[in-house]
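Contents: one structure, followed by commentary.
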């Protein structure tokens, strides 16, 4: 299993299936997507809809056993990926759309598109061609004294 860390969570990839490590369960669980939810990067929850299911968080009992085995055999010390674009390339997610000046994968269609929250969470700045003017006045006019 190939493992990486992205924004304090550990993700794994095995046979084109994404997994996220849940420390409270001490196990991996399957996911299909990691995306921006308007406040932070989150995972989708397709297998966490029925809380009364005996294999809550998993697709089947066999998958639950597989995830437990992966948690026991996988080394959780992983390389950290800081850039979302690099993480999505690693995960094989290709449904990115342009969000101002960079690609972004949104968790669903109803996510608020707030640019300032996204930039603040990433700790970066907008990519523009404009440069910051070092001082308020760039050119000085020569005024002839008469």
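Residue numbers (my numbering): 64 to 209.
Don't be surprised by glycine CBs; every beta carbon is placed ideally from N, CA and C.
What would DSSP say about residue i, mapped onto helix, strand or coil?
| i | result |
| --- | --- |
| residue 181 | helix |
| residue 188 | coil |
| residue 166 | strand |
Give the DSSP bridge partners of residue i, in chain order.
| i | result |
| --- | --- |
| residue 65 | 76 |
Grab the span of the alpha helix (DSSP H) containing residue i for me, first residue to last.
| i | result |
| --- | --- |
| residue 153 | 147 to 154 |
Roughly how far, in whole angstroms, is the beta-carbon of residue i from the beta-carbon of residue j, given that I think they are within contact range, below 8 Å?
| i | j | result |
| --- | --- | --- |
| residue 76 | residue 180 | With a Cβ gap of about 28 Å, residue 76 and residue 180 do not count as contacting. |
| residue 92 | residue 121 | 6 Å |
| residue 182 | residue 176 | Actually they are not in contact, since the Cβ atoms of residue 182 and residue 176 sit about 12 Å apart, beyond 8 Å. |
Write down every uninterrupted run of the alpha helix (DSSP H) in the segment 83 to 162 whose length is 4 residues or greater and which is fully enclosed by it, in chain order.
-> Taking only runs of at least 4 residues, the alpha helix (DSSP H) segments lying wholly in the segment 83 to 162 are 124 to 136 and 147 to 154.
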